[in-house]
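Numbering (the working numbering), first residue to last: 46 to 359.
Glycine included, C-beta positions come from ideal geometry on N, C-alpha and C.
These numbers were taken from a predicted model, which means no experiment stands behind them.
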Ligand SMILES: Nc1ncnc2c1ncn2[C@@H]1O[C@H](COP(=O)(O)OP(=O)(O)O)[C@@H](O)[C@H]1O
Ligand SMILES: [Mg+2]
């Protein structure tokens, strides 16, 4: 196993009766980094988190968290981690501060230490609301969940779909809190179905589908895998669309895609983006075809994801 990793998994498997939830997952997460475990519903994300947090035994393979084997040393693992699930058990009648103090006491902190820790965490996640949790917004609740997962200052924090169902503003607040944690040295493993979330937060992304890792890399590397940039031209006059497509096709040496409704012609340009764009614009201009919009863009993570998981990227 890799000594420099906060989380290591080798051939991790889990079956439920006849269902294979995890089909041999490998992971190496370096300390102090944020790893996104990205995959559609049913991909095996929660199963992986439950195994890594010792709540579930693997049926094959092995894993270490914070240097401890999750099967043979579960207590040491639990002392090193925090877990924020999709639904945390907070008392609705109590304030956030009271809930955190309670969590602290349940984690065997003394009364004074629990009070101090609660105050520190409330500030950390930007929650100074004095009212009962029943009056919290979804975003405030999720930040309280996050604070609860941090009570014991874990070196590795697991977040299972932390922003599912949150509005964009609350999501951004939570992202900020996670970034601050990572900047403070905490290793974070976060599962998500949201490509943008992985793109925004993760140093590296592991894409899982049907219990397997289908890709791994930085967001930039994953995008680059789809092979270079695309030139997109929106033609002002729909009548000239076919002619424009022919010109773009010659400039890019690729079969362009044409969308009648949006008057859009697009084609892959490999690594020659700027040269091809210049050539295409010159040729369009010489033919008297007016472009309403011209862009050169990398594939989005959505396109990468769809490509990797077998969907149609376009
Ligand atoms: N307790 C269980 N019993 C039977 N099948 C399960 C159980 N938990 C999960 N599964 C199945 O395992 C697969 C992975 O589930 P899960 O890990 O929850 O995926 P995700 O969190 O990525 O949505 C799914 O097919 C799911 O139906
Ligand atoms: Mg899940």
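As assigned by DSSP and simplified to three states, the class of residue i
i, result
"residue 339", "strand"
"residue 50", "coil"
"residue 307", "coil"
"residue 168", "helix"
"residue 261", "strand"
"residue 344", "coil"
"residue 282", "coil"
"residue 177", "strand"
"residue 210", "coil"
"residue 72", "strand"
"residue 349", "helix"
"residue 358", "Because residue 358 sits at a pLDDT of 33, beneath the cut-off of 50, its placement in the model cannot be relied upon, and the following sentence gives the value as read from the coordinates. Of the three classes helix, strand and coil, the one that applies to residue 358 here is coil, per DSSP."
"residue 137", "coil"
"residue 312", "strand"
"residue 56", "strand"
Beta-carbon separation (whole angstroms), residue i vs residue j, contact threshold 8 Å
i, j, result
"residue 182", "residue 137", "With a Cβ gap of about 14 Å, residue 182 and residue 137 do not count as contacting."
"residue 221", "residue 78", "Contact flag wrong, Cβ pair sits at about 17 Å."
"residue 163", "residue 149", "6 Å"
"residue 219", "residue 226", "11 Å between Cβ atoms; not a contact."
"residue 269", "residue 296", "Actually they are not in contact, since the Cβ atoms of residue 269 and residue 296 sit about 22 Å apart, beyond 8 Å."
"residue 92", "residue 100", "In fact, because the Cβ distance is near 10 Å, the residues do not count as touching under 8 Å."
"residue 314", "residue 274", "5 Å"
"residue 139", "residue 103", "That pair is no contact at about 36 Å."
Residues bridged to residue i [DSSP beta-bridge criterion]
i, result
"residue 61", "64"
"residue 202", "127 and 233"
"residue 254", "257"
"residue 275", "313 and 342"
"residue 302", "311"
"residue 113", "110"
Distance CB(residue i)-CB(residue j) smaller than 8 Å
i, j, result
"residue 67", "residue 240", "no"
"residue 120", "residue 114", "no"
"residue 341", "residue 267", "no"
"residue 175", "residue 145", "no"
Original post:
Which residues have their C-beta within less than 6 Å of a heavy atom of ligand 1, listed in chain order?
Top reply: 61, 64, 66, 84, 86, 87, 88, 89, 90, 91 and 92
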